[in-house]
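Have a look at the structure below, then the notes.
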Amino acid sequence: MLKVKPFRQKTGLCGPATIKMVLSYYGVEKTEAELAELMRADPAVGLDASRMIEASESLGFKGYFQDNSTFEDLERLVKTDQIPVIVDWFSEDDGHYSVVVDLDTENIYLLDPEIGHVRAMRRSKFFRIWFDFPGEYIKSSADLTIRRLIVILNQYGH
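If you count the sequence shown from 1, position 78 lands on 98 in the numbering used here, and the numbers rise without skipping.
This is how it looks when you write it as structure tokens:
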């Protein structure tokens, strides 16, 4: 399991909270408030992945997001490359960001800023809820974000 320092988010700030945890993994400490301001985060609306990446890049990191990802992608990044990966998934009744810190044959382990610690979830369940959409409801299939992961890399590509 990757040694990522847990953090409990303020309501509606899971994006800044996950970036805070990933940056801390790389040895850079920022407050949730600093990151929220840098990302122009609005707790009532949520946060797009592109603003999370832009904020990270402004601090000297590299970042990208990938849709239609697989568990193999996560295993390569988290297990082989030792990179904590942010995933965008549907928690309860809204989109939510968490940091993947481990996987095994049955479970995925999410460092969830909503609860401030690791949440183990069956892979089969996570695969069903690994999606998001903007707004209060899905207006068309084009709104769906399917199996998005967000990768933030330090200046050394790790």
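Ideal Cβ placement from N, Cα and C applies to all residues, glycine included. This one's a predicted model, so the numbers in the text were calculated from it and none came from an experiment.
Per DSSP, the unbroken alpha helix (DSSP H) holding V42 starts and ends at C34 to Y45. Excluding its 5 nearest sequence neighbours in each direction, R167 has C-beta neighbours in its own chain below 6 Å: N88, S89 and W150, listed in chain order. If you ignore the 5 residues before and after Y45, its C-beta comes within less than 6 Å of the C-beta of V24 and P104, all in its own chain and listed in chain order.
Taking C-beta separations shorter than 7 Å and ignoring five residues to either side along the sequence, the partners of K50 in its chain run K40 and L43, following chain order. The C-beta distance from T38 to P133 rounds to 6 Å, short enough to fall under 8 Å. Beta-bridge partners of Q86 (DSSP): L169. DSSP, reduced to helix, strand and coil, places R139 within a strand of the structure shown. Counting the other Cβ atoms within 10 Å of the Cβ of I106 gives 16 or more, which makes it buried. The region 58–124 contains, as complete beta strand (DSSP E) runs of 3+ residues, the segments 82–86, 105–111 and 114–123 (chain order).
Counting only the Cα atoms, L131 lies some 19 Å from H178. If you compare the alpha carbons of G83, T125, T100 and A75 with that of S144, the shortest gap goes to T125. Here V98 has L22, P104, V105, V120, V121, D122 and L123 as same chain residues with Cβ atoms under 8 Å from its own Cβ, once five neighbours each way along the sequence are excluded.
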